[in-house]
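Reviewing the structure listed below.
Protein chains: 2
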Amino acid sequence: MIVPSNPESVFTYGAPALKFGSGASAEIGFDLGQYGVRRVLVLTDAGVAATGAPARIAEQIAGFGMHAEVYDGVHVEPTDESLLAAIGHARASGPWDAFVAVGGGSSIDTAKAVNLLSTNPGELMDYINAPIGAGRAPSHPLKPLVAVPTTTGTGSESTTICVLDVLGLKVKTGISHARLRPVLAVVDPDLTMTQPPEVTAAAGMDILCHALESYTARPYTSYERRRPEERVPYCGSNPVADMWSEQAIRLLAGSFRTAVRRGDDAEARGAMALAATFAGLGFGNAGVHIPQPTPIRSRGG
Amino acid sequence: MIVPSNPESVFTYGAPALKFGSGASAEIGFDLGQYGVRRVLVLTDAGVAATGAPARIAEQIAGFGMHAEVYDGVHVEPTDESLLAAIGHARASGPWDAFVAVGGGSSIDTAKAVNLLSTNPGELMDYINAPIGAGRAPSHPLKPLVAVPTTTGTGSESTTICVLDVLGLKVKTGISHARLRPVLAVVDPDLTMTQPPEVTAAAGMDILCHALESYTARPYTSYERRRPEERVPYCGSNPVADMWSEQAIRLLAGSFRTAVRRGDDAEARGAMALAATFAGLGFGNAGVHIPQPTPIRSRGG
Numbered sequence: 001m002i003v004p005s006n007p008e009s010v011f012t013y014g015a016p017a018l019k020f021g022s023g024a025s026a027e028i029g030f031d032l033g034q035y036g037v038r039r040v041l042v043l044t045d046a047g048v049a050a051t052g053a054p055a056r057i058a059e060q061i062a063g064f065g066m067h068a069e070v071y072d073g074v075h076v077e078p079t080d081e082s083l084l085a086a087i088g089h090a091r092a093s094g095p096w097d098a099f100v101a102v103g104g105g106s107s108i109d110t111a112k113a114v115n116l117l118s119t120n121p122g123e124l125m126d127y128i129n130a131p132i133g134a135g136r137a138p139s140h141p142l143k144p145l146v147a148v149p150t151t152t153g154t155g156s157e158s159t160t161i162c163v164l165d166v167l168g169l170k171v172k173t174g175i176s177h178a179r180l181r182p183v184l185a186v187v188d189p190d191l192t193m194t195q196p197p198e199v200t201a202a203a204g205m206d207i208l209c210h211a212l213e214s215y216t217a218r219p220y221t222s223y224e225r226r227r228p229e230e231r232v233p234y235c236g237s238n239p240v241a242d243m244w245s246e247q248a249i250r251l252l253a254g255s256f257r258t259a260v261r262r263g264d265d266a267e268a269r270g271a272m273a274l275a276a277t278f279a280g281l282g283f284g285n286a287g288v289h290i291p292q293p294t295p296i297r298s299r300g301g
Numbered sequence: 001m002i003v004p005s006n007p008e009s010v011f012t013y014g015a016p017a018l019k020f021g022s023g024a025s026a027e028i029g030f031d032l033g034q035y036g037v038r039r040v041l042v043l044t045d046a047g048v049a050a051t052g053a054p055a056r057i058a059e060q061i062a063g064f065g066m067h068a069e070v071y072d073g074v075h076v077e078p079t080d081e082s083l084l085a086a087i088g089h090a091r092a093s094g095p096w097d098a099f100v101a102v103g104g105g106s107s108i109d110t111a112k113a114v115n116l117l118s119t120n121p122g123e124l125m126d127y128i129n130a131p132i133g134a135g136r137a138p139s140h141p142l143k144p145l146v147a148v149p150t151t152t153g154t155g156s157e158s159t160t161i162c163v164l165d166v167l168g169l170k171v172k173t174g175i176s177h178a179r180l181r182p183v184l185a186v187v188d189p190d191l192t193m194t195q196p197p198e199v200t201a202a203a204g205m206d207i208l209c210h211a212l213e214s215y216t217a218r219p220y221t222s223y224e225r226r227r228p229e230e231r232v233p234y235c236g237s238n239p240v241a242d243m244w245s246e247q248a249i250r251l252l253a254g255s256f257r258t259a260v261r262r263g264d265d266a267e268a269r270g271a272m273a274l275a276a277t278f279a280g281l282g283f284g285n286a287g288v289h290i291p292q293p294t295p296i297r298s299r300g301g
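Residue numbers (UniProt numbering), protein chains in the order written: chain A, 1 to 301; chain B, 1 to 301.
Below, the structure written as structure tokens:
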């Protein structure tokens with residue numbers, strides 16, 4: 001274990017506002033109205049679009065006097081090419097005052113990139129983490145992004161990260177900045193009921209990995225003290241992130257098997273949706289890591 | 001117990017971003033720089049001003065090229081008169097781009113009212129909760145408010161509420177709106193070390209009451225379903241608020257007596273500061289209540 005000479009004494013915590021529960025996604029028009037927006041782009045993938053949820057949400061937004069359009073070209077596991085297509089669409093059809101992402105992590109991450117590149121100058125590679133990209137920070141504020149997860153796993157609604165594959169380099173990387181975080185997460189378990197068992201299982205393992213990796217991440221106190229400009233959203237495990245991770249694991253333990261076996265069990269779906277949200281709030285601040293295959297290892301050591 | 005005919009299924013959760021730990025208050029200049037502000041008003045009371053902390057924070061902000069002034073006229077337990085004086089000062093010396101409250105709940109609550117009334121038209125009584133005031137909602141966005149608690153109790157850094165005494169009516173009431181919530185809570189246990197034992201004890205009981213009242217508040221599901229425009233920041237006990245409350249009580253159990261007896265115990269002061277923050281994050285969403293003197297009572301019943 002590395003012992004810092006001047007240990008970090010400060011941790012940070014950020015989160016979107018949360019609206020959780022059955023029916024929460026039927027109130028997005030009202031919520032967007034609070035931000036004083038006029039033109040709203042709803043981003044989703046073709047599979048989620050086929051469930052009808054994104055169109056319902058767009059209609060509901062329009063009912064509050066706003067203009068809302070659906071873009072269903074999100075690529076599952078976004079690539080630089082799919083993000084460029086979405087950004088190109090948003091730039092050509094904009095300006096947009098707000099974005100709503102309906103779907104799994106792919107839709108939410110795509111919306112983060114679209115929000116960034118339609119409010120800030122430059123191109124995608126300018127903002128991708130170094131050394132793949134230039135790791136540039138946004139110079140202008142972003143527009144409000146509302147994230148509506150339809151899988152119980154991603155946690156992207158809570159994080160500052162957009163993950164993508166850069167096809168030409170055969171590498172998976174990301175864009176990370178505090179301004180990418182959605183302003184509001186609308187978690188409606190009703191939207192997750194149609195996940196097939198395999199998706200429920202895979203997404204549930206995602207929750208478990210998020211919570212465990214966040215809980216066992218190096219503690220923030222194990223780093224050298226950072227200057228304020230060196231702070232990053234993923235600051236290491238800390239008392240706040242630990243609490244979310246513990247509770248996510250507890251919820252999983254009580255609901256994961258039921259949600260896979262009986263997809264229509266509303267209570268299990270609700271607990272899984274809450275577990276995914278909690279794990280996102282934890283790892284969105286502590287960070288995740290590649291667990292080492294060391295058989296016996298003290299926590300955070 | 002009242003059983004709703006159409007029970008609420010949605011709860012909401014909001015919180016400021018958090019920067020926690022020894023030395024956190026020495027980074028406020030950098031943090032304010034992220035909001036692109038130029039003129040910053042630091043609000044405090046005379047007692048806290050005498051510790052030198054507000055002046056140090058203002059100097060540190062000025063070191064980042066911003067103009068910062070200290071207003072130390074906050075009244076401990078704010079009144080309509082003391083708020084009007086602070087609002088008058090801010091309006092006359094403004095416009096201000098951001099506010100920093102350094103102190104207990106009185107300073108933070110005063111800053112909320114000053115922020116509201118220097119960004120929105122009308123007078124104090126227009127915004128005070130009905131039926132005492134007109135219960136008007138702000139029509140314009142507020143400026144960023146950074147809350148820096150120096151007592152371990154208030155929780156005001158996390159809430160949407162400003163509490164005040166209306167002297168002419170001999171009544172304690174408040175102003176509550178989601179926009180009053182600070183954007184950033186900077187919780188630096190170093191600033192809490194000078195609390196005398198009586199203050200540590202009284203403020204610690206405040207934590208306990210916040211956590212217990214929030215934990216035993218009527219659950220959100222015990223209310224009739226609200227329309228989105230009827231939702232209030234205090235939505236009843238819920239899984240998120242419960243988690244904060246439980247953890248606040250656990251932290252208190254391990255640190256309260258030590259913090260009162262040995263005010264220089266940094267670990268106990270840190271745990272109390274965290275407990276106060278957690279309790280604020282809980283009751284700032286669930287709400288508080290007047291516990292009923294019923295000896296045996298099932299939870300939330």
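C-beta: ideal position from N, C-alpha, C; glycine also.
Quiz item: From B:Ser-222, B:Glu-229 and B:Ala-266, pick the residue whose C-alpha is nearest to that of residue 361 of chain B; which is it?
Solution: The requested residue 361 of chain B is not part of the displayed model; chain B covers only 1 to 301.
Quiz item: Contact check, Val-260 of chain A vs Thr-216 of chain A under 8 Å by CB: the rounded distance?
Solution: By 1-based counting over the first sequence, the position of residue 260 of chain A is 260. By 1-based counting over the first sequence, the position of residue 216 of chain A is 216. Actually they do not touch by this definition, with Cβ atoms about 25 Å apart.
Quiz item: Does any C-beta atom of chain B lie closer than 8 Å to the C-beta of Tyr-223 of chain A?
Solution: As a working mapping, residue 223 of chain A is identified with position 223 in the first sequence. No, because no Cβ of chain B sits closer than 8 Å to the Cβ of Tyr-223 of chain A.
Self-check item: Cross-chain neighbours of Val-10 of chain B in chain A, by beta carbon under 8 Å
Solution: Within the second sequence, residue 10 of chain B is the residue found at index 10, counting from 1. In chain order: Lys-19, Phe-20, Gly-21, Ser-22, Gly-23, Ala-24 and Glu-27.
Self-check item: Buried/exposed call for Met-272 of chain A, threshold 16 Cβ in 10 Å
Solution: The residue given as residue 272 of chain A occupies position 272 in the first sequence. Buried.
Quiz item: Distance, Cα to Cα, Glu-77 of chain A vs Glu-69 of chain B?
Solution: The residue labelled residue 77 of chain A in the question sits at position 77 within the first sequence. The residue labelled residue 69 of chain B in the question sits at position 69 within the second sequence. Taking the straight line joining both Cα atoms gives about 50 Å.
Exercise. Give, in chain order, every residue of the stretch 262 to 276 of chain B whose Cβ lies closer than 8 Å to some Cβ of chain A.
Key: Leu-274
Practice problem: Measure from the C-beta of Pro-228 of chain B to each C-beta in chain A and report whether the shortest distance is under 8 Å. | Solution: Counted from its first residue, the second sequence places residue 228 of chain B at position 228. So, interface residue.
Practice problem: Using beta-carbon positions only, say whether Ser-22 of chain B and Val-148 of chain B come within less than 8 Å of one another. | Solution: The count along the second sequence starts at 1 and reaches residue 22 of chain B at position 22. The count along the second sequence starts at 1 and reaches residue 148 of chain B at position 148. Not in contact: Ser-22 of chain B and Val-148 of chain B (Cβ atoms no closer than 8 Å).
Exercise. For Pro-144 of chain A, count neighbouring Cβ atoms within 10 angstroms of its own Cβ and tell me buried if that reaches 16, exposed if not.
Key: Within the first sequence, residue 144 of chain A is the residue found at index 144, counting from 1. Buried, by the Cβ-count rule.
Exercise. Assess, as a yes-or-no matter, whether the stretch 27 to 38 of chain A is touched by the stretch 52 to 61 of chain A under the definition of 3 or more beta carbon pairs within less than 8 Å.
Key: yes
Quiz item: Can you find a CB in chain A that lies within less than 8 Å of the CB of Asp-31 of chain B?
Solution: Within the second sequence, residue 31 of chain B is the residue found at index 31, counting from 1. Yes - at least one Cβ of chain A is within 8 Å of the one on Asp-31 of chain B.
Quiz item: Below 8 Å between beta carbons: does that hold for Leu-84 of chain A and Leu-180 of chain A?
Solution: In the first sequence, residue 84 of chain A corresponds to position 84, counting from 1. In the first sequence, residue 180 of chain A corresponds to position 180, counting from 1. Not closer than 8 Å, so no.
Exercise. Quick one: residues in its chain with C-beta nearer than 7 Å to the C-beta of Ala-81 of chain B, no 5 flanking neighbours on either side, listed in chain order?
Key: Residue 81 of chain B sits at position 81 when you count from the first residue of the second sequence. Note that residue 81 of chain B corresponds to Glu in the displayed sequence, not to Ala. Cβ within range, chain order: Leu-167.
Quiz item: Could one say the Cβ of Pro-239 of chain B lies closer than 8 Å to chain A's Cβ atoms, at least one of them?
Solution: Here residue 239 of chain B refers to the residue found at position 239 of the second sequence. So yes, Pro-239 of chain B belongs to the interface.
Quiz item: Count the other CB atoms within 10 Å of the CB of Val-171 of chain A; is the residue buried (16 or more) or exposed (fewer)?
Solution: Position 171 of the first sequence, counting from 1, holds the residue named residue 171 of chain A. So Val-171 of chain A counts as exposed.
Exercise. State yes or no: is the beta carbon of Met-193 of chain A nearer than 8 Å to at least one beta carbon in chain B?
Key: The sequence position of residue 193 of chain A within the first sequence is 193, counting from 1. False, the Cβ-Cβ gap to chain B never drops below 8 Å.
Quiz item: In the stretch 82 to 162 of chain B, which residue ranges form an unbroken beta strand (DSSP E) of at least 3 residues, counting only runs that do not cross its ends?
Solution: 98 to 103 and 145 to 149
Quiz item: How would you write the range of the alpha helix (DSSP H) that Asp-31 of chain A sits in, first residue to last?
Solution: Taking the first residue of the first sequence as 1, we reach residue 31 of chain A at position 31. Start and end: 28 to 33.
Quiz item: Is there at least one Cβ from chain B nearer than 8 Å to Ala-15 of chain A's Cβ?
Solution: The count along the first sequence starts at 1 and reaches residue 15 of chain A at position 15. True, the Cβ-Cβ gap to chain B drops below 8 Å.
Quiz item: Is it true that the CB of Thr-154 of chain A sits closer than 8 Å to the CB of Ile-108 of chain A?
Solution: The residue you call residue 108 of chain A lines up with position 108 of the first sequence. The residue you call residue 154 of chain A lines up with position 154 of the first sequence. Going by C-beta atoms, Ile-108 of chain A is nearer than 8 Å to Thr-154 of chain A.
Quiz item: Quick one, which residues of the stretch 54 to 68 of chain B are near chain A if we go by CB-CB under 7 Å, in chain order?
Solution: none
Exercise. Return the CA-CA distance between Ile-204 of chain A and Val-74 of chain A, expressed in angstroms with no decimal places.
Key: By one-based count along the first sequence, residue 204 of chain A stands at place 204. By one-based count along the first sequence, residue 74 of chain A stands at place 74. Checking the sequence, you will find Gly at residue 204 of chain A rather than Ile. For Gly-204 of chain A and Val-74 of chain A, the distance between alpha carbons rounds to 22 Å.
Quiz item: What did DSSP end up calling Asp-264 of chain B once you bin it into helix, strand or coil?
Solution: The residue you call residue 264 of chain B lines up with position 264 of the second sequence. Three-state result, Asp-264 of chain B: coil.
Quiz item: What three-state label does DSSP hand Phe-11 of chain B in the structure shown?
Solution: By 1-based counting over the second sequence, the position of residue 11 of chain B is 11. Strand, per DSSP.
Self-check item: CA-to-CA distance, Leu-208 of chain B to Arg-226 of chain B, given in whole angstroms
Solution: By one-based count along the second sequence, residue 226 of chain B stands at place 226. By one-based count along the second sequence, residue 208 of chain B stands at place 208. Distance between the alpha carbons of Arg-226 of chain B and Leu-208 of chain B: 30 Å.
Quiz item: Considering only residues of the same chain and omitting the five flanking positions on each side of Ala-90 of chain B, which have a CB-CB separation below 7 Å?
Solution: Working through the second sequence from its first residue, we reach residue 90 of chain B at position 90. Correct list, in chain order: Leu-41, Trp-96, Val-114 and Ser-118.
Self-check item: Unbroken stretches of the alpha helix (DSSP H), 4 residues or longer, contained in the stretch 184 to 226 of chain B
Solution: 197 to 215
Quiz item: Roughly how many whole angstroms lie between the Cα atoms of Tyr-220 of chain A and Asn-285 of chain A?
Solution: In the first sequence, residue 220 of chain A corresponds to position 220, counting from 1. In the first sequence, residue 285 of chain A corresponds to position 285, counting from 1. Approximately 10 Å between the Cα atoms of the pair.
Practice problem: State buried or exposed for Leu-191 of chain A, treating a residue as buried only when at least 16 other CB atoms are found within 10 Å of its CB. | Solution: As a position in the first sequence, residue 191 of chain A is number 191, starting the count at 1. Answer is buried; the Cβ neighbour count reaches 16.
Quiz item: Residues in its own chain within less than 6 Å of Ile-161 of chain B by CB, not counting five upstream and five downstream?
Solution: Residue 161 of chain B sits at position 161 when you count from the first residue of the second sequence. Closer than 6 Å at Cβ, skipping near neighbours: Gly-174 and Ser-176.
Quiz item: So which residues on chain A does Met-205 of chain B lean against when the C-beta distance must stay under 9 Å?
Solution: What you label residue 205 of chain B is simply residue 205 of the second sequence in a count that begins at 1. What Met-205 of chain B touches in chain A: nothing, since even the nearest Cβ is about 22 Å away.
Quiz item: If you draw a straight line from the C-alpha of Cys-235 of chain B to the C-alpha of Gln-34 of chain A, how long is it?
Solution: As a first step, residue 235 of chain B must be located in the second sequence, where it is residue number 235. As a first step, residue 34 of chain A must be located in the first sequence, where it is residue number 34. Between Cys-235 of chain B and Gln-34 of chain A, the C-alpha separation is close to 18 Å.
Quiz prompt | Range of the contiguous alpha helix (DSSP H) that encloses Gly-47 of chain A | solution = Counted from its first residue, the first sequence places residue 47 of chain A at position 47. Counting along the chain, the alpha helix (DSSP H) containing Gly-47 of chain A begins and ends at 46 to 50.
Exercise. Compile a chain-ordered list of the residues in the stretch 110 to 130 of chain B whose CB is closer than 8 Å to at least one CB of chain A.
Key: none
Practice problem: Rank B:Trp-244, B:Ala-248, B:His-210 and B:Glu-224 by C-alpha distance to the C-alpha of Pro-291 of chain B and give the top, closest one. | Solution: Here the question's residue 291 of chain B lines up with position 291 in the second sequence. Considering only alpha carbons, the answer is B:His-210.
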